[in-house]
Amino acid sequence: MKGLYFLILILLLSLYSCENPTEAVDTLPEVQTLFFPNKEQISQFSSDSITDLADFTTFAQYLKVAQQKACNSKSNLISFKERNTDYNVKSFTECPERRNFGCNFRTTFINIENDLILEYNEVSHELSELDEYLLDLISKEYDYNKSDQQNKLVITITYTEDVSITNFKETLIKIIQTITRIEESQKIHLPCYLYMGTNFMPPPPPPPPMPKNYSP
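According to mature numbering (1 follows the signal peptide of the UniProt record, and there is no 0), the stretch in the sequence shown is residues -24 to -1, 1 to 192, in order.
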């Protein structure tokens, strides 16, 4: 009788152990794929343009590879996975062996250094305030409200001290989420370009003119 009892118990346990993994698999969250700025632009990249952040532990290691690609006239597509999302991000990096002088007309710059937003080489906002900063910037730039007269939005990311690749990924995610959220809420398109390891700090504004009756 005891033998029959143990046999039934073993059968019940085996049935439970077989069904339980199936339930666990069913509850696994689906992995999403995010393309920034969009899938159409990302699809134009070749496989040798992809830089997987999983291959690096620090931002400096990544930047060295990205700069070498720039010197070889190759594009740079950043790829990484965070939680349940695969990110594919179009980015730009300058070659340190040569300097490129691009046309900066009709361009709005946001320079992020050490996860701080800079204006004229002075800290103006924390990165956590990027939403408010960008919304304020857009409200002042009338071009973002006209589909045929849009400024380019160039966001630069650089660090004076080396940081972990995890830190860099968190910064990228913050920027991508902010841009996406503002585009959806404001019903506008922000032609955004991400530059790594450099900034385009504009000169400070000129001093106000002297009054006519001024005498030294």
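From the three backbone atoms N, C-alpha and C, an ideal C-beta is built for every residue, glycine too.
By the Cβ-count criterion, residue 136 is exposed, with fewer than 16 other Cβ atoms from all chains shown falling within 10 Å of its own Cβ. Short of 7 Å from the beta carbon of residue 21, and not among the five residues preceding or following it, lie these beta carbons of its own chain, in chain order: 51 and 53. For residue 107, the enclosing alpha helix (DSSP H) covers residues 106 to 116. A contact is defined here as three or more CB-CB pairs under 8 Å, and the segment 40 to 48 fails this definition with respect to the segment 56 to 66.
Bounds of the beta strand (DSSP E) holding residue 67 are 61 to 69. In the pairwise beta carbon analysis, the segment 150 to 159 is classified as not touching the segment 21 to 36: fewer than three pairs are separated by under 8 Å. For the pair of segments examined, the segment 109 to 117 was found not to touch the segment 65 to 73: the number of CB pairs separated by less than 8 Å stays below three. In the assembly as shown, residue 145 is a buried residue. Its beta-carbon has 16 or more other beta-carbons within 10 Å.
When the beta-carbon positions are compared, residue 139 and residue 35 come within less than 7 Å of each other.
Residue nearest to residue 172 within the set 134, 165, 127 and 30 is 134 (criterion: CA-CA distance). By the neighbour-count criterion, in which 16 or more other beta carbons inside 10 Å mark a residue as buried, residue 87 falls on the buried side. Counted as a single uninterrupted DSSP element, the beta strand (DSSP E) harbouring residue 131 occupies residues 128 to 134.
DSSP lists 94 and 132 as the beta-bridge partner residues of residue 87.
If you draw a straight line from the Cα of residue 17 to the Cα of residue 99, it comes to about 33 Å. The beta carbon of residue 5 lies closer than 8 Å to those of 60 in the same chain, with the five residues before and after it left out.
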